[in-house]
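*Asks:* Under the numbering used here, the first residue of the first sequence carries the number 16, and numbering increases by one thereafter.
Every residue, glycine too, gets a C-beta built ideally from N, C-alpha and C.
None of the values given here were measured: they were computed from a predicted structure.
Before I ask anything, let me first share the structure, which is written out below as structure tokens.
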Amino acid sequence: MPRFITEIKRTNSCGQLTANDLGKEVVLYGWVHNRRDHGGAVFIDLRDRDGVTQVVFEEDVRPEVHALAGQLRLEWVVGIRGKVVSRGGNVNARLKTGEIEVHATELEVFNRSEPTPFQIEDKLDTAEEKRLQYRYLDLRRAPLQKTLITRARVNHLTRNYFTDSGFLELETPFMVKYTPGGARNFLVPSRLNPGKFYALAESPQLFKQLYMIAGFDRYFQIVRCFRDEDLRLDRQPEFTQIDVEMSFVEQNDVFDVIEGLVVRLWKEVLGVDVPRPFLRMPFEESMSKYGNDKPDLRFEMPHTDLTGLVKEHGGGNVPMLKDAVEGGGIVKAMRLAADQALSRTEIDKLEEYVKGMGAKGLARAKIAEGGEWTQSPLAKTIAPELRQAINAACGVQPGDLLLFQFGKPSTVQTVMANLRVHLAKRLGLIPEYGSGGQWRFLWVVNPPLFEFDEESGHWAAAHHAFTRPHDEDVQYLETDPGRVNCYRYDLVLNGFEIGGGSIRLHDPAVQARVFKAMGISDEDARNKFGFLLDALKMGAPPHGGIALGMDRLVMLLTGAESLRDVVAWPKTQKGTDLMTSAPGDVDAKQLKELWVKSTYEPKG
RNA sequence: GGGGUGUUAGUUAAGUCGGUUAUAACGCCGGCCUGUCACGCCGGAGGCCAGGGGUUCGAGUCCCCUACACCCCGCCA
16 MPRFITEIKR TNSCGQLTAN DLGKEVVLYG WVHNRRDHGG AVFIDLRDRD GVTQVVFEED
76 VRPEVHALAG QLRLEWVVGI RGKVVSRGGN VNARLKTGEI EVHATELEVF NRSEPTPFQI
136 EDKLDTAEEK RLQYRYLDLR RAPLQKTLIT RARVNHLTRN YFTDSGFLEL ETPFMVKYTP
196 GGARNFLVPS RLNPGKFYAL AESPQLFKQL YMIAGFDRYF QIVRCFRDED LRLDRQPEFT
256 QIDVEMSFVE QNDVFDVIEG LVVRLWKEVL GVDVPRPFLR MPFEESMSKY GNDKPDLRFE
316 MPHTDLTGLV KEHGGGNVPM LKDAVEGGGI VKAMRLAADQ ALSRTEIDKL EEYVKGMGAK
376 GLARAKIAEG GEWTQSPLAK TIAPELRQAI NAACGVQPGD LLLFQFGKPS TVQTVMANLR
436 VHLAKRLGLI PEYGSGGQWR FLWVVNPPLF EFDEESGHWA AAHHAFTRPH DEDVQYLETD
496 PGRVNCYRYD LVLNGFEIGG GSIRLHDPAV QARVFKAMGI SDEDARNKFG FLLDALKMGA
556 PPHGGIALGM DRLVMLLTGA ESLRDVVAWP KTQKGTDLMT SAPGDVDAKQ LKELWVKSTY
616 EPKG
């Protein structure tokens with residue numbers, strides 16, 4: 016009898032066969048997805064990455080094959096040979112292969128399976144902890160198979176797009192010199208250089224700029240990056256970037272290239288036509304209306320910045336407001352329409368929610384007929400003029416509810432930004448994945464070059480020190496650094512930053528002034544970035560670029576709820592791998608070779 | 001570093017006011033069944049209630065600590 020694999024080769028996948036194949040002799044390989052044993056007939060759903068096919072074993076056809084089929088259990092790996100037969104009146108409309116079944120004449124069990132810790136089903140309730148511990152089983156499930164297949168497709172399309180557009184796919188080192196500032200680096204001790212460490216690259220930033228200086232003009236790379244920061248739903252310690260850099264370009268040229276890629280991805284993967292050009296919004300407007308630089312534009316609910324009004328009215332008899340604006344704080348409000356009314360209990364829950372983000376409380380006012388405020392501790396004391404001014408600024412109607420935050424700008428912005436999204440979710444304002452009209456791409460542009468760092472007491476680069484300031488603002492570098500805006504841009508989709516980049520600073524003279532404004536001495540600059548500063552002096556072309564978060568793109572494309580669902584082998588929130596138990600202990604001998612000693616002492 | 005939620009058979013959950021033998025579904029094991037596709041029917045096994053400490057005559061249930069997982073703030077140029 017001929018043998019499977021060596022002699023009997025697979026003819027089809029388990030998602031392929033249809034009524035067009037009736038009568039064919041086929042060979043399928045796969046996993047037992049489900050079994051229904053009726054005694055004289057055994058039905059097996061055979062699964063591979065392409066789909067599921069029903070295989071039937073009948074007692075009166077091949078008794079010994081039927082007997083073996085009766086022993087099959089879930090997740091056994093088998094090969095079968097048989098004939099494609101119509102299901103007649105028993106069509107299964109939910110299966111792509113539901114018109115047919117394969118009547119098996121041969122069966123080989125390649126491997127049995129112990130009962131799996133959880134069942135391999137499309138919809139699974141099992142704790143993510145268990146799924147991660149047995150990730151290879153989790154990955155057998157159709158939704159994750161589909162996601163990773165999409166991911167492979169995005170890789171392929173991206174590579175083709177850039178290569179066809181004249182970009183060169185060039186590599187950069189992962190093991191690099193540590194440079195301070197920015198994300199925390201993973202460090203790799205150097206055995207050959209006692210006491211020295213490599214850093215794992217948090218991005219190819221400096222190397223891609225050096226490629227431009229070396230004359231490679233248009234570069235891209237689909238590249239892994241490493242950051243030793245705390246994890247989030249949309250953040251993993253190693254992640255993949257679509258990294259791009261171009262010479263002789265301005266901001267609009269970068270936008271053109273990236274919009275072209277995104278439009279193609281959405282068309283090819285989802286069949287969706289995304290309109291171009293994407294909306295552009297100044298950083299300032301985004302902060303003012305939405306509280307952050309990655310607004311979700313699928314719903315409105317903008318903030319109203321009341322800082323100016325409150326100042327004009329000297330706090331309007333409300334000591335808390337007065338103190339807030341006089342102490343350098345800001346005041347913001349958000350309007351909830353009358354038909355979005357929340358119960359007292361819900362508002363109390365909201366207050367707990369915002370306190371968790373550092374808010375002192377959640378001031379509110381219900382608008383009565385005639386613009387009076389009720390249900391508010393502010394109602395009694397606030398000057399009527401300020402109250403009216405606020406009503407007008409927020410555009411309230413009777414029955415509306417105003418929610419307020421005031422105080423430290425960063426806290427107010429964070430709280431209000433998260434509150435906006437939180438409320439939109441609760442009010443059902445965000446359309447479900449796949450329901451159409453939900454792809455709100457946005458370029459956030461022209462942010463300030465510096466932000467004031469209260470800890471150190473001087474201006475620091477808001478993003479990185481090699482972003483080009485607007486030419487007309489260069490004059491303020493020394494006198495009013497906060498006024499200098501720059502050619503930095505973020506690509507935002509539905510509340511996620513999916514990319515960010517800038518036009519780079521290629522002029523060494525301006526570069527020196529930027530360092531000076533940041534309080535970095537020539538010596539410091541030389542120590543940290545000497546090689547780049549030297550390079551900029553030797554014929555650096557005007558250049559700029561961007562990096563897109565590949566994982567986040569795939570997450571949004573597939574409707575996944577977590578980055579962990581689009582990364583094949585993700586880490587937990589504490590950065591561990593539950594399957595392999597990384598990170599793990601190492602031998603004392605290894606540490607000695609690396610000139611490393613651990614100071615860790617376990618608790619207790 | 002801080003705030004919050006959770007942890008009960010292999011899996012997902014229930015478990016009332018603190019009360020005596022901790023339930024169910026799916027999975028697993030045995031048996032029957034030729035048209036099922038969430039197959040069905042009969043029978044069975046399976047528990048250190050995350051770990052530790054405390055309160056109590058008595059703790060899955062109340063309190064404290066620890067561990068792990070998840071969400072958020074800080075952090076992520």
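#1: Would you mind giving the Cβ-Cβ distance between V67 and H48, rounded to the nearest angstrom? I have them listed as a contact below 8 Å.
#2: Just the C-alpha distance for L225 and F511, rounded to the nearest angstrom, thanks.
#3: Among G599, A575 and T255, which one has its Cα closest to the Cα of E447?
#4: Tell me, which residues are paired with V47 by DSSP?
#5: Within 10 angstroms of the Cβ of G343, are there 16 or more other Cβ atoms? Answer buried if so, exposed if not.
#6: Determine the DSSP secondary structure at G514, reduced to helix, strand or coil.
#7: In the DSSP assignment, find the alpha helix (DSSP H) that holds Q266 and state where it starts and stops.
#8: For T627, count neighbouring Cβ atoms within 10 angstroms of its own Cβ and tell me buried if that reaches 16, exposed if not.
#9: Spatial neighbours of R25 within its chain, please: C-beta separation below 6 Å, excluding the five flanking residues on both sides.
#10: Which residue marks the beginning of the alpha helix (DSSP H) containing L547, and which one marks its end?
#11: Terminal residues of the continuous alpha helix (DSSP H) containing S101?
#12: Can you check the stretch 383-468 for any alpha helix (DSSP H) of at least 4 residues that lies completely inside it and give the ranges in chain order?
#13: On the three-state DSSP scale, how would you describe G619?
#14: Hey, out of Y149, R242 and R291, whose CA is closest to T255's CA?
#15: For F19, count neighbouring C-beta atoms within 10 Å of its own C-beta (all shown protein chains included) and say buried if the count is 16 or more, exposed if not.
#16: Would you mind stating whether T573 and V581 have Cβ atoms separated by less than 8 Å?
#17: Which residues in the same chain have their Cβ closer than 8 Å to the Cβ of S613, if we skip the five residues on either side of it in sequence?
#18: Helix, strand or coil, according to DSSP, for H81 in the structure here?
#19: How about L457 and I513: do their beta carbons lie closer than 8 Å?
#20: Just reading off the alpha helix (DSSP H) that V529 is part of, what are its end residues?
#21: Tell me the DSSP bridge mates of K347?
#22: Determine the extent of the beta strand (DSSP E) in which H118 is found, giving its start and end residues.
#23: Pick out whichever of R379, I397, M349 and C501 has its Cα sitting closest to the Cα of A432.
#24: Buried or exposed for D179, going by 16 or more other Cβ atoms inside 10 Å?
#25: For P158, which residues from the same chain have a beta carbon less than 7 Å from its beta carbon, with the 5 sequence-adjacent residues on both sides left out?
#26: Give the DSSP-derived three-state secondary structure of S262 in the structure shown.
#27: From Q148 to A142, what does the alpha carbon distance come to, in whole angstroms?
#28: Using the Cβ count rule (16 or more neighbours within 10 Å means buried), how would you classify D602?
#29: Apart from the five residues just before and just after N27, which ones in its own chain have a Cβ nearer than 7 Å to its Cβ?
#30: Can you tell me whether DSSP reads I561 as helix, strand or coil?
#31: Might you give, ordered along the chain, the residues of its own chain that have their beta carbon closer than 6 Å to the beta carbon of Y502, omitting 5 neighbours on each side?
#32: Taking the beta strand (DSSP E) that D505 belongs to, which residues open and close that run?
#33: Is the distance from the Cβ of L377 to the Cβ of E361 below 8 Å?
#34: Assign F222 to one of two classes, buried (16 or more other C-beta atoms within 10 Å of its C-beta) or exposed (fewer than that).
#35: Can you tell me whether DSSP reads T494 as helix, strand or coil?
*Replies:* Quick answer:
#1: Position 52 of the first sequence holds residue 67. Position 33 of the first sequence holds residue 48. About 6 Å separates the two Cβ atoms, so the contact holds.
#2: Looking up residue 225 in the first sequence gives position 210. Looking up residue 511 in the first sequence gives position 496. Roughly 29 Å between the two C-alpha positions.
#3: For the purposes of this step, residue 447 is taken as residue 432 along the first sequence, with counting starting at 1. Measuring from the Cα of E447, the nearest candidate turns out to be A575.
#4: Residue 47 sits at position 32 when you count from the first residue of the first sequence. Answer is L61, bridged to V47.
#5: Sequence index remark: in the first sequence, residue 343 carries index 328 (1-based). By the neighbour-count rule (16 or more Cβ atoms within 10 Å), G343 is not buried but exposed.
#6: To locate residue 514, count along the first sequence from 1; it is residue 499. Here G514 sits in strand by DSSP.
#7: Stepping through the first sequence from its first residue, residue 266 is reached at position 251. It spans Q266 to L280 - the alpha helix (DSSP H) in which Q266 sits, taken as one unbroken run.
#8: Residue 627 lies beyond the residue range present for the chain, which begins at 16 and ends at 619; the question has no answer from this structure.
#9: As a position in the first sequence, residue 25 is number 10, starting the count at 1. Answer for R25: V42 and Y44, listed in chain order.
#10: Position 532 of the first sequence, counted from the first residue, corresponds to residue 547. That run of the alpha helix (DSSP H) goes D537 to L551.
#11: Numbered from 1 along the first sequence, position 86 holds the residue referred to as residue 101. Not the alpha helix (DSSP H): S101 falls in the beta strand (DSSP E), residues V92 to S101.
#12: 399-409 and 424-441
#13: Here residue 619 corresponds to residue number 604 of the first sequence, with the count starting at 1. Confidence at G619 is low in this model, with a pLDDT of 47, below 50, so its placement is unreliable and the value that follows should be read with caution. Residue state, collapsed to three classes: coil.
#14: Position 240 of the first sequence holds residue 255. The option with the nearest alpha carbon to T255 is R242.
#15: Locating residue 19 in the first sequence gives position 4, counting from the first residue. Burial call: buried.
#16: For the purposes of this step, residue 573 is identified with residue 558 of the first sequence, where counting begins at 1. For the purposes of this step, residue 581 is identified with residue 566 of the first sequence, where counting begins at 1. Closer than 8 Å, so yes.
#17: By 1-based counting over the first sequence, the position of residue 613 is 598. The answer, listed in chain order, is L606.
#18: What you label residue 81 is simply residue 66 of the first sequence in a count that begins at 1. Helix at H81.
#19: Here the question's residue 457 lines up with position 442 in the first sequence. Here the question's residue 513 lines up with position 498 in the first sequence. Cβ distance not < 8 Å, so L457 and I513 don't count as in contact.
#20: Translated into positions along the first sequence, residue 529 becomes position 514. V529 -> alpha helix (DSSP H) spans P523 to A532.
#21: To locate residue 347, count along the first sequence from 1; it is residue 332. According to DSSP, K347 bridges with D320 and Q420.
#22: For the purposes of this step, residue 118 is taken as residue 103 along the first sequence, with counting starting at 1. Where H118 is concerned, the enclosing beta strand (DSSP E) stretches over I115 to N126.
#23: Looking up residue 432 in the first sequence gives position 417. Cα-wise, what sits closest to A432 is M349.
#24: Position 164 of the first sequence holds residue 179. Exposed, since its Cβ has fewer than 16 Cβ neighbours within 10 Å.
#25: Taking the first sequence and counting its residues from 1, one reaches residue 158 at position 143. Around P158: D137.
#26: Residue 262 sits at position 247 when you count from the first residue of the first sequence. If DSSP states are grouped into helix, strand and coil, S262 belongs with the strands.
#27: As a working note, residue 148 is residue 133 in the first sequence. As a working note, residue 142 is residue 127 in the first sequence. When rounded, the distance between both Cα atoms is 10 Å.
#28: As a working mapping, residue 602 is identified with position 587 in the first sequence. Exposed, since its Cβ has fewer than 16 Cβ neighbours within 10 Å.
#29: In the first sequence, residue 27 corresponds to position 12, counting from 1. Same-chain partners within the cutoff: V41 and L43.
#30: To locate residue 561, count along the first sequence from 1; it is residue 546. I561 falls in the strand class under three-state DSSP.
#31: The residue you call residue 502 lines up with position 487 of the first sequence. The residues are Q266, R483, S517 and I518.
#32: Here residue 505 corresponds to residue number 490 of the first sequence, with the count starting at 1. From DSSP, the beta strand (DSSP E) with D505 extends over R503 to L508.
#33: Locating residue 377 in the first sequence gives position 362, where the first residue counts as 1. Locating residue 361 in the first sequence gives position 346, where the first residue counts as 1. Not a contact, by the Cβ cut-off of 8 Å.
#34: Start at 1 with the first residue of the first sequence, and residue 222 comes out as number 207. Buried, by the Cβ-count rule.
#35: Along the first sequence, one-based indexing puts residue 494 at 479. In this structure, T494 counts as coil in the three-state DSSP scheme.
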